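In the numbering used here, the protein residues as written are 222 to 713. Taking it in order: structure first as structure tokens, then the write-up.
This is the structure in structure tokens:
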């Protein structure tokens, strides 16, 4: 008898946005650096573009779809091409950029997007001496940002303090990929000389190392899984693309490795920690492959492939809290298509007929609140991300029109402010003044925003408590119904 592995994700499919939901007329950067050139969060998408006078990038509100005006405002503060972009996981209006000009800059975007060109950053970090290749925000500690450059330097910044807090040197090689583990205590990294590293950046030491984790000439990539294993992509001896799964705590050999295909584009892995799915996206490819991971051999199971007729120049992924729970969306990409000068959203959907809340595919996911301050983390504390429940979001969206988004939008949430940087509240006050309204004398908007944040946190906790009690009540009612049915049968 043949055996087919059962999986609730076996029939996951991709769905491209219709033309009216696509960003068009975008002059995507032609820089050949190993980067995705874009980043997205529940409010904005940032895209590196070509332009006169330095290295500009666009910041577009997610509802600003359609054809882009040629004179649309840009962020333009770099003197050379922008290589990588990264939105803060805890401040939806804050984006980091790095460039061929060897700098890292931090920008604050006003609600609603830019009305004019933005040229002055909030922070301008100049610790690198060659092109900065990548940026990565810490997943649980606020305002901690890692950056790596082509000279082999890995730097760690405290954005609020505006200081360099850690530094490591890997010259003559350099880092080709970075990934934090689930609680942000360790970094996984791949290097140009084919090493897979596990780094304790606070202690400034490499705690694990695997040489020749891939054998091809092109760069490999890595992602830390929730259970501490590391998934890597790379090239084999015959230039075939392959993947491997590592548990460097127990072995120097991969738990499994497999050839994927013979395409020649660098393969980027994207990880869904809630559902344990890996999506692989090749630069220059027109498809997305996805795999499910479990804790038993053979560990990695091929699920399916989503294919389009357009090759991708770069890809951004939406944080979990920005997905559409009503459509059973478990992942969303934003795909840059150089040939058409557009950016196309692609939703990965679990097909379900039921309109009920699907708790088996929507575990609690990280919210937009940090678990630690930068100082606490630098002192040695670790903490998993703070989580949010999907059930209250589902209940709220269920009562709205089907035309509304089911995503966990943060566009109306008060943003935490940075005490040593121009605060978002200051941007809002300026906007009110321009509209002819003034705040009462002595009015402290920052204090009000903090109070609102505390109230929203309390409401979320109460919603989770209510959902738990409703489930317990439903279980009790079901048990009572079962007992009554049994008693009736005995009487008969």
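No residue lacks a Cβ here, since even glycine has one placed at the ideal position from N, Cα and C. Here the structure is a predicted model, which means the values were calculated and not measured.
Taken atom to atom, the span from the alpha-carbon of residue 513 to that of residue 574 is near 22 Å. Listed in chain order, the beta strand (DSSP E) runs fully inside the region 529-571 are 535-538, 550-558 and 563-570, counting runs of at least 3 residues.
Here DSSP, grouped into helix, strand and coil, assigns residue 454 to strand. In the same chain as residue 392, and ignoring 5 residues on each side of it, the C-beta atoms closer than 7 Å to its own belong to 372 and 373, in chain order. Distance from the CA atom of residue 243 to the CA atom of residue 685, rounded to whole angstroms, is 35 Å. Secondary structure note for residue 616: its alpha helix (DSSP H) is the uninterrupted segment 612-619.
In this structure, residue 443 lies near residue 452, with their beta-carbon atoms less than 8 Å apart. The region 397-414 makes contact with the region 361-371: 3 or more CB pairs, one atom from each, lie closer than 8 Å. Taken through DSSP and simplified to helix, strand or coil, residue 236 comes out as strand.
The secondary-structure analysis by DSSP pairs residue 465 across a beta bridge with 453 and 478.
Assignment of beta-bridge partners to residue 384 by DSSP yields 379.
Assigned with DSSP and collapsed to three states, residue 690 falls in helix. Ranked by Cα distance from residue 377, the options 255, 596 and 578 are led by 596. Judged by DSSP in its simplified three-state form, residue 577 adopts coil rather than helix or strand.
Cβ neighbours of residue 565 within its own chain (closer than 7 Å, five residues either side excluded): 237, 238, 243, 556 and 558. Three or more beta-carbon pairs separated by less than 8 Å are not found between the region 269-280 and the region 584-599, which leaves the two stretches without contact.
Assignment of residue 242 by DSSP, reduced to helix, strand and coil, places it in the helix class. In chain order, 304 place their CB closer than 6 Å to the CB of residue 254, counting only its own chain and leaving out the 5 sequence neighbours on each side. Looking at the backbone, the Cα of residue 520 and that of residue 476 are separated by about 8 Å. Boundaries of the beta strand (DSSP E) harbouring residue 513: 508-514, taken from the DSSP string. Cβ contact annotation for residue 609 (same chain, cutoff 6 Å, sequence separation greater than five): 588, in chain order.
In this structure, residue 389 lies near residue 422, with their beta-carbon atoms less than 8 Å apart. Here residue 348 has 376 and 385 as same chain residues with Cβ atoms under 6 Å from its own Cβ, once five neighbours each way along the sequence are excluded. Straight-line spacing of the CA atoms in residue 568 and residue 269 works out to 22 Å. Distance between residue 524 and residue 515, taken at the CA atoms: about 13 Å. Cβ neighbours of residue 546 within its own chain (closer than 7 Å, five residues either side excluded): 583, 611, 614, 615, 618 and 627.
In this structure, the straight-line span from the alpha carbon of residue 409 to that of residue 621 is close to 42 Å. With a cutoff of 8 Å on beta-carbon distance, residue 541 and residue 570 are scored as not near each other. Residues of the same chain with a CB within less than 6 Å of the CB of residue 483, apart from the 5 flanking positions on each side, are 461 in chain order. Counting of Cβ neighbours within 10 angstroms places residue 459 among the exposed residues, the total staying below 16. In the structure shown, residue 681 adopts helical secondary structure according to DSSP, grouped into three states. Sixteen is the threshold: since fewer than 16 other Cβ atoms of the shown chains lie within 10 Å of the Cβ of residue 438, the residue is exposed. When secondary structure is reduced to three states using DSSP, residue 430 falls in the strand class. Judged by their CB atoms, residue 488 and residue 431 are not nearer to each other than the 8 Å cut-off. Secondary structure of residue 596 (DSSP, three-state): helix. For residue 676, the secondary structure class from DSSP, reduced to helix, strand or coil, is helix.
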